[in-house]
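Structure record follows, encoded as structure tokens.
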Amino acid sequence: MPQAPQEITITTKDTSFTVYSVEEYNQLPDSLKSPFISEQLQKLETDRLRENYRREQEEKEKLTPAGAVVIIVTLAMVFYFFRNLFTSAKYDLKESISENLVDESAGQPLHYPGRDLNLSEDEIKRICSKYNPYFQKLSFDKKIQFIRRLNGFMRSKHFYIYAGKGYKEMPVLISAAAIQITFGLDEYMLPYFSNIIIHPDAYLADNPLRILMGNVQGRSITLSWKHFLEDYQNPTDGKNVGLHEMAHALQVQYLFTKRNRNNEFKEDFAHYDRADDEVLKEKFDAHGLFDKYALKDKNELWATSVELFFERPADLKLDYPELYDSIKLVLNQDPLTL
Ligand SMILES: [Zn+2]
Numbered sequence: 228m229p230q231a232p233q234e235i236t237i238t239t240k241d242t243s244f245t246v247y248s249v250e251e252y253n254q255l256p257d258s259l260k261s262p263f264i265s266e267q268l269q270k271l272e273t274d275r276l277r278e279n280y281r282r283e284q285e286e287k288e289k290l291t292p293a294g295a296v297v298i299i300v301t302l303a304m305v306f307y308f309f310r311n312l313f314t315s316a317k318y319d320l321k322e323s324i325s326e327n328l329v330d331e332s333a334g335q336p337l338h339y340p341g342r343d344l345n346l347s348e349d350e351i352k353r354i355c356s357k358y359n360p361y362f363q364k365l366s367f368d369k370k371i372q373f374i375r376r377l378n379g380f381m382r383s384k385h386f387y388i389y390a391g392k393g394y395k396e397m398p399v400l401i402s403a404a405a406i407q408i409t410f411g412l413d414e415y416m417l418p419y420f421s422n423i424i425i426h427p428d429a430y431l432a433d434n435p436l437r438i439l440m441g442n443v444q445g446r447s448i449t450l451s452w453k454h455f456l457e458d459y460q461n462p463t464d465g466k467n468v469g470l471h472e473m474a475h476a477l478q479v480q481y482l483f484t485k486r487n488r489n490n491e492f493k494e495d496f497a498h499y500d501r502a503d504d505e506v507l508k509e510k511f512d513a514h515g516l517f518d519k520y521a522l523k524d525k526n527e528l529w530a531t532s533v534e535l536f537f538e539r540p541a542d543l544k545l546d547y548p549e550l551y552d553s554i555k556l557v558l559n560q561d562p563l564t565l
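Letter by letter, the sequence shown follows residues 228 to 565 in our numbering.
Pasting the structure below:
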């Protein structure tokens, strides 16, 4: 990069002397100035100004527009993340799981082995009565059976919570979603899945990078607590991420793993598999029950059908009676006669 000269030597016929800055040179009498040096200085000064201008532009480009957008989005994500971390308690859930189980290591999830939770049947009943509309509709005897099953299920899982604090309601209500969907089946433990992972809000997953409210991967069922609760608070809108993920988990447990090679679920599912073609073949649902995502493939259609089966049973039965009957057969229960 050209620099303005620090030192300029002026040579006249019989002597020479040196000035140390452009300003000093400019102050010399014109008779001592050389046209050649003046021209060179002019050029150097122009180059210097040009270089400064180029640098200023570079700095500006770093900030706008792409640079500024990246910075703003990053700040917004950081803010959103921390806001959710600290406001996840706002969902009317005040009770914390036994404090001495809290893992303080930064960035690590809180880990609660289900067998150490030691929640009484009364506590489980109280939580389910308050938050689970399916449980609320059960008869007295069925409620007892539901709680026993839930307790067994919960004790067999490990709960990992990515938040500063865990709530009793988390393991209880997520286990309740599993018990709800399997309530007509003899096998309800989903033994293939050892882990339940809970995030306070939607979370990032990689391969491919995406934002999720729930997913089933490996031996883990993962859920966004915020979306899980919101969906149970609207029990008739046909959307329930908890039931959706449990429906996927059931597929994995009964259909995709080597266990239970031949089972009743598998046989009944073949019946469902024929009924869902009716919906899939059109790739379009004129009744507006299934969205584009549900019609993406057979697995998504199954999970979405289960959501509708529990949350909008009358509509599903009316528009797709065969599909409704086949799910009734697979799950061995009927929400309409609960
Ligand atoms: Zn799905």
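Backbone N, C-alpha and C fix where the C-beta goes; we use that ideal spot for every residue, glycine too.
Alpha carbon of residue i to alpha carbon of residue j, nearest angstrom
i      : j      : result
Lys466 : Thr531 : 8 angstroms
Asp613 : Gly334 : The chain is shown only over 228 to 565; residue 613 falls outside these bounds and no answer can be derived.
Lys563 : Leu417 : A quick correction: the sequence has Leu, not Lys, at residue 563. Using only the alpha carbons, I get a separation of about 25 angstroms.
Ile193 : Val468 : The shown model of the chain, from 228 to 565, leaves out residue 193, and the question about it has no answer.
Tyr389 : Ile448 : 14 angstroms
Pro567 : Asn279 : What is shown of the chain runs 228 to 565, which leaves residue 567 out entirely.
Gly411 : Asn559 : 5 angstroms
Asp433 : Lys357 : 35 angstroms
Gly441 : Phe496 : 23 angstroms
Met473 : Val399 : 14 angstroms
His385 : Arg281 : 58 angstroms
Ser402 : Ile351 : 10 angstroms
Phe420 : Leu470 : 15 angstroms
Lys544 : Ser347 : 38 angstroms
Tyr551 : His454 : 25 angstroms
Glu549 : Asp413 : 24 angstroms
Val557 : Glu288 : 60 angstroms
Tyr415 : Ile374 : 13 angstroms
Gln444 : Lys392 : 24 angstroms
Ser451 : Ala404 : 14 angstroms
Glu457 : Asp561 : 24 angstroms
Gly461 : Phe511 : The displayed chain sequence assigns Asn, not Gly, to residue 461. Going by the C-alpha atoms only, they are around 25 angstroms apart.
Ser535 : Tyr499 : A small fix is needed here, since residue 535 is Leu in this sequence, not Ser. Distance between the alpha carbons of Leu535 and Tyr499: 15 angstroms.
Asn345 : Met397 : 14 angstroms
Leu276 : Gln284 : 12 angstroms
Presumed contact (8 angstroms Cβ cut-off) between residue i and residue j, rounded CB distance
i      : j      : result
Ala502 : Ser553 : 4 angstroms
Val506 : Phe492 : That pair is no contact at about 21 angstroms.
Asn359 : Tyr430 : With 8 angstroms as the limit, Asn359 and Tyr430 do not qualify as a contact, their Cβ atoms being about 23 angstroms apart.
Ile406 : Arg376 : 5 angstroms
Lys395 : Leu565 : Their Cβ separation, rounded to whole angstroms, is 26 angstroms, which puts Lys395 and Leu565 out of contact at 8 angstroms.
DSSP-derived helix/strand/coil call for residue i
i      : result
Gln444 : strand
Pro462 : coil
Ala530 : helix
Arg376 : helix
Phe367 : helix
Arg437 : strand
Tyr551 : helix
Pro360 : helix
Tyr339 : strand
Leu565 : coil
Ala541 : helix
Tyr280 : helix
Leu450 : strand
Ala429 : coil
Cβ-heavy atom distance, residue i to ligand 2, below 7 angstroms
i      : result
Ala502 : Ligand 2 is not among the ligands present in this structure, which contains only ligand 1.
Continuous alpha helix (DSSP H) assignments of at least 4 residues falling wholly in the stretch 480-515: Counting whole runs of 4 or more residues, the stretch 480-515 contains the alpha helix (DSSP H) stretches 491-502, 504-507.
task: Indicate whether the contact test is met: 3 or more Cβ pairs, each with one atom in the stretch 334-353 and one in the stretch 379-388, closer than 8 angstroms.
output: Of all C-beta pairs linking the stretch 334-353 to the stretch 379-388, three or more are shorter than 8 angstroms, placing the two stretches in contact.
- prompt: Is there contact here, the stretch 358-378 with the stretch 520-530, by at least three beta-carbon pairs under 8 angstroms?
  reply: No: the two stretches stay apart, fewer than three of their Cβ pairs being nearer than 8 angstroms.
task: Go through the stretch 372-420 residue by residue and report every complete run of the beta strand (DSSP E) that reaches 3 residues or more, in order.
output: Runs found: 385-388.
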